[in-house]
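Here the structure is laid out as structure tokens; the discussion comes afterwards.
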Amino acid sequence: MCLIAIATQNHPLYPLIIAANRDEFYHRPTAPLSFWEDQPNILAGRDLQQNGTWLGITKTGRIAAITNFREPAAMDPHAPSRGLLVSNFLASDHHPEDYLQAIKNSGKTYNGFNLVVGDMHQLWWYSNKKNDIVKIKPGIHVISNHLMDTPWPKTQKIKSGIQDICNRNNAIDPEDIFQVLADKNRPPDDKLPDTGVGLEWERILSSVFVFSDIYGTRSSAVILAEPSGQMTFAERTFKPQKNAPTIEETREFNIKVPV
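Dropping the structure here:
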């Protein structure tokens, strides 16, 4: 996943709101949001190449998500799959901080990542590029392909969009968040970060919703957690088409988790 916004304790009806876009090469095989046959406690999409995931929840209320840290010069093609860091947390019963501490001890074996784990009441963030375990404070936080709350144009744009929705203080329709996640506008070149991929790719990757000939936003996701333990998890997948990706399917699950 390449963009995730987290609103925690920022809305009177939802102690946690998550909005996320997963960007990936179009040819990489993927399964849509569902309960996993081999681990029926997990609700998530699935990367069929490595069998991990980028965002998921469980029937017991565990939540995990990951983004890649963009650093092409440091990429190791033989490094272990980062998506398994998400699915392994979801499948475990370890306390989030204990889980992250174990990952911290072996984090350098992975390519760069940001990992968020916890539940609707509290989330923690860890990046192997910073090596600190951080308890996420109330507010709106955004993670793309750098450290949490790095002020890239796309992170600031989605933060503003989620804040506008939260400011209404009323029930949220996932469609409203999907619209924020669908923003394809690209900032001017002088606002782009330099992450080592070259100007053309910086342009392609600069929008909230990414699109190109071979790579782009494969799915958008919304998680809404209510104080009662009711959780809504909606995912919208897209057919890859240059400059004009179209909606393939929208799935929505509603589950009740312990509070």
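Quick note, the sequence shown lines up with residues 403 to 661 if you use the working numbering. From the three backbone atoms N, C-alpha and C, an ideal C-beta is built for every residue, glycine too.
May I have the straight-line CA-CA distance separating residue i from residue j, to the nearest angstrom?
i	j	result
V519	I545	13 Å
A573	H480	45 Å
L418	N412	8 Å
T639	G563	21 Å
K461	F635	12 Å
T552	L594	12 Å
V610	N443	31 Å
Between which residues of its own chain and residue i is the CB-CB distance below 6 Å, once the five residues before and five after are set aside?
i	result
A374	Since the first residue shown for the chain is 403 and the last is 661, residue 374 is missing from the structure and cannot be characterised.
Buried or exposed: where does residue i fall if 16 or more other Cβ atoms within 10 Å of its Cβ makes it buried?
i	result
L626	buried
T648	exposed
I616	exposed
Using only the heavy atoms of the ligand PLP, determine whether one of them is closer than 7 Å to the beta carbon of residue i.
i	result
V544	Among the components of this structure there are no ligands whatsoever, and the ligand PLP is therefore not found.
On the DSSP bridge list, what partners appear for residue i?
i	result
E426	G618
I637	The amino acid at residue 637 is misidentified as Ile; the sequence shows Glu. E637 pairs with A623, R653.
Q632	K658
Y528	L517, I535
H543	I408
R448	A433
Residues in its own chain within less than 7 Å of residue i by CB, not counting five upstream and five downstream?
i	result
K658	G631, Q632
M550	N516, W527, H543
S483	Q452, G454
E651	P434, T639
Where do the N-terminal and C-terminal ends of the alpha helix (DSSP H) with residue i fall, by residue?
i	result
T351	Absent from the model: residue 351. The displayed extent of the chain is 403 to 661, so no value can be given.
G454	It is not in any alpha helix (DSSP H) - G454 carries neither H nor E in the DSSP assignment.
Residues in its own chain within less than 8 Å of residue i by CB, not counting five upstream and five downstream?
i	result
P414	N571
F427	I616, Y617
W554	S546, H548, P595, S608
K532	L549
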